[in-house]
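Trainee: My numbering numbers the first residue of the sequence shown as 1 and each following residue consecutively.
From the three backbone atoms N, C-alpha and C, an ideal C-beta is built for every residue, glycine too.
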Amino acid sequence: MTDSLTDTVTSGAATSAADTPDASPGESQAIENRTVPALPQAAIIGDSPADIWGMSSVERLRRQLVRAGVTAVRSWSEAPDPGTAPQILLRADFVFDEVLVRDLVRAPGTLLLDPVSGEAVAAHVDAENAPAVALVLLSGQALPEGQFPALRTVRPGELSSDYNNALRKKEPPFLLRLTPETVPAIERRTFDGSYKGVTDLVTKYVWPRPAQAATKWCALNAVTPNQVTTASAALVVLAFLSFWMGWFVIGLLFAWGMTFLDTVDGKLARVTLTSSKWGNVFDHGIDLVHPPFWWWAWVVGLGAAGMPLGNEPLVLAILVGGYVAQRLQEGLFLALFKIEIHIWRRFDSQFRLVTARRNPNLLLLTAFTLFGRPDLGMLAVTVWTAASFLVHTAQILQAFEAKRHGPVRSWLAP
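1) Using 8 angstroms as the Cβ pair cut-off and three pairs as the minimum, do the segment 359-375 and the segment 181-195 touch?
2) Since T110 is in the beta strand (DSSP E), which residue starts that stretch and which ends it?
3) Under the rule that 16 or more other beta-carbon atoms within 10 Å means buried, what is K403, buried or exposed?
4) So for D22, helix, strand or coil by DSSP?
5) So R106 and L273 are in contact, right, with Cβ under 8 angstroms, and what is the actual spacing, rounded?
6) Suppose the cutoff is 7 angstroms on Cβ atoms and the five residues either side in sequence are ignored; what does the same chain contact list for R357 look like?
7) Could you pull out every residue in the same chain whose Cβ sits closer than 7 angstroms to the Cβ of F254, ignoring the five residues on either side in sequence?
8) Rounded to whole angstroms, how far is the Cβ of L172 from the Cβ of D162, which I believe are closer than 8 angstroms?
9) Helix, strand or coil: how does DSSP classify T385 here?
10) Going by C-alpha distance, which of S160, A134, K169, V125 is nearest L151?
11) Can you check which of these residues, L90, P156, V95, is closest to S139 by C-alpha distance?
12) With three or more C-beta pairs closer than 8 angstroms as the rule, is the segment 376-395 touching the segment 141-148?
13) Check D47 in the structure and name its three-state DSSP category.
14) Please classify S24 as buried or exposed, where buried requires at least 16 other C-beta atoms within 10 Å of its C-beta.
15) How close, in whole Å, do the beta carbons of M245 and W298 come, if the pair is a contact with beta carbons under 8 angstroms?
16) Measuring straight from C-alpha to C-alpha, what distance separates E98 and Q141?
17) What residues in its chain sit with their C-beta under 6 angstroms from that of A123, if we drop five residues either side in the sequence?
18) Compare the beta carbon distance of V198 and S349 with 9 angstroms and say whether it is the shorter of the two.
19) Jot down the residue ranges of each uninterrupted beta strand (DSSP E) in the segment 58-139, minimum 3 residues, whole runs only, in chain order.
20) Quick check on DSSP: helix, strand or coil for V223?
21) What residue does the alpha helix (DSSP H) around R188 start on, and which one ends it?
22) Against chain E, with Cβ distances strictly below 9 angstroms, would A399 count as a contact?
23) Pick helix, strand or coil for V408, following the three-state DSSP scheme.
24) List the residues that DSSP assigns as beta-bridge partners of T153.
25) May I ask you to list the residues that DSSP assigns as paired with M55?
26) Looking at the structure shown, is F400 part of a helix, part of a strand, or coil, going by DSSP?
27) If you draw a straight line from the alpha carbon of I286 to that of E78, how long is it in whole angstroms?
28) Leaving out five residues on either side along the sequence, give the residues of the same chain with a beta carbon under 6 angstroms from the beta carbon of L252.
29) From the DSSP output, read off the bridge partner residues of Y163.
30) Rounded to whole angstroms, what's the CA-CA distance from P374 to V381? Just pull it up for me.
31) At the level of alpha carbons, what is the spacing between G143 and N164?
32) Can you tell me which of the three DSSP states L417 falls into?
33) Determine whether the beta carbon atoms of V70 and Q41 lie at a separation below 9 angstroms.
34) Could you compute how far the alpha carbon of I396 sits from the alpha carbon of F282?
35) Could you check what DSSP says for L336 in three-state terms: helix, strand or coil?
36) R177 bridges to which residues according to DSSP?
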């Protein structure tokens, strides 16, 4: 099987070697005759019986494959001759977790089975075996025992880990049969799969269902994640100006609208497989910069509303300095211990629900403002910022102690 997964480098590669001034004739001949792994190609088997998030399963698979590094994607029915390259074969009547597609691309000689029916649903095979495997995939039947002894047969949990470090959670990879009837359940599962497991309590418990509805509307109406982020940035400015003028209720409406869109843009990018480096920088840049400006504007607005704080310089120093210090603490923890501070222990993940970040602070400000005391709300945020800084300091010191006895590992990791 190894030989079938490689192609001989032709004269094009040899030319570059011969053009190298220091290459002797013998070295050039060796380079010319060497073998390098052939890049895999992909073929999608069958049809897509329903759309999800405004796109066909075929288009979803194409995007997943491109993101996994496979750019040569075709329909098997239109081009059944695989040539000589290794083949990634996937059935269009199933919805794959993105991690499954990525890991299948990295696992030659693998046949993926549906854990429910035992059917073969995807494979990474050499070109010689691709036609026979494609026929099995097209048949929609359970894999005959012993038909492909050279292939490793796996189920989703055996191919991919259930730990997602990027999304800070432990969750089994999904593989779901796509029919018109299963679309609602699949969209909910894929949306839930796009959510970070460790985040604040508003994002985790309040926004999911309304954010799913908004994400679906955006997907069906061709609204891009960057357009949502742009609207979110506009609300950041409107909230700042409202707080500055002492219009706290109006400002809070803008602020909560921004936090909602901040949830939608990331989920939209993940479920439609349209995330980009620029979008990530744009979104996270806004998230990182705006909170201390809001708190500063709130303190100024208290004076405009006739409720000035008596110790504004101290309050601002704690608010702004504490925010910057805590973000530096998070970066320091990651640099020292190679994991995020919020996923080390169960306590750390639970504390992330309420730590002095934007959404928990907005909850405090909203509660006190509804009782007519926005000034006390800002004092509560100030105290909570200082307390959270002390908690993070203790976490770092405890991690140093834990590192003496072994590596610092996340409680979510396998």
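Mentor: Working from what's here:
1) No: the two stretches stay apart, fewer than three of their Cβ pairs being nearer than 8 angstroms.
2) T110 -> beta strand (DSSP E) spans 110-113.
3) Exposed is the call here.
4) Residue placement at D22 is poorly supported in this model, since its pLDDT is 43, which falls under 50; the coordinates still yield a value, given next. Of the three classes helix, strand and coil, the one that applies to D22 here is coil, per DSSP.
5) Their Cβ separation, rounded to whole angstroms, is 18 angstroms, which puts R106 and L273 out of contact at 8 angstroms.
6) These residues qualify, in order along the chain: D200.
7) By the criterion of a C-beta distance shorter than 7 angstroms, F254 is surrounded in its chain by L235, L238, A239, S242, once the five residues flanking it on both sides are discounted.
8) In the sequence as displayed, the identity of residue 172 is Pro instead of Leu. Their Cβ separation, rounded to whole angstroms, is 5 angstroms, which keeps P172 and D162 in contact under 8 angstroms.
9) DSSP, reduced to helix, strand and coil, places T385 within a helical segment of the structure shown.
10) Residue V125 holds the alpha-carbon nearest to the alpha-carbon of L151 among S160, A134, K169, V125.
11) Nearest to S139 by C-alpha distance, out of L90, P156, V95, is L90.
12) The segment 141-148 is not in contact with the segment 376-395.
13) Residue state, collapsed to three classes: coil.
14) Note that S24 scores a pLDDT of 44, beneath 50, so its modelled location is shaky; the value from the coordinates is reported in the next line. Answer is exposed; the Cβ neighbour count stays below 16.
15) Wrong, their Cβ atoms sit about 11 angstroms apart, outside the cutoff.
16) Distance between the alpha carbons of E98 and Q141: 24 angstroms.
17) Answer for A123: L89, L111, V133, listed in chain order.
18) Yes. Within cutoff.
19) The DSSP assignment places 73-75, 87-91, 94-96, 110-113, 120-125 as complete runs of the beta strand (DSSP E) inside the segment 58-139, in order along the chain (cut-off: 3 residues).
20) In this structure, V223 counts as coil in the three-state DSSP scheme.
21) Residues 183-193.
22) Looking at the structure shown, chain E is missing, and only one protein chain is on hand.
23) Three-state DSSP puts V408 in coil, outside helix and strand.
24) For T153, DSSP records a beta bridge to L111.
25) M55 pairs with I52.
26) In the structure shown, F400 sits in a helix (DSSP, three-state: H, G or I).
27) The alpha-carbon atoms of I286 and E78 are separated by roughly 45 angstroms.
28) Take L252, set aside five residues on each side of it, and the residues of its chain with a beta-carbon closer than 6 angstroms to its own are T366, in chain order.
29) As computed with DSSP, Y163 is found in a beta bridge with K170.
30) Going by the C-alpha atoms only, they are around 11 angstroms apart.
31) In the sequence on display, residue 143 carries Leu and not Gly. In this structure, the straight-line span from the alpha carbon of L143 to that of N164 is close to 30 angstroms.
32) There is no way to answer for residue 417, as the model of the chain reaches only from 1 to 414.
33) In this structure, V70 places its C-beta atom within 9 angstroms of the C-beta atom of Q41.
34) I396 and F282 have their C-alpha atoms some 29 angstroms from each other.
35) L336: helix per DSSP, three-state reduction.
36) Per DSSP, the beta-bridge partners of R177 are F94.
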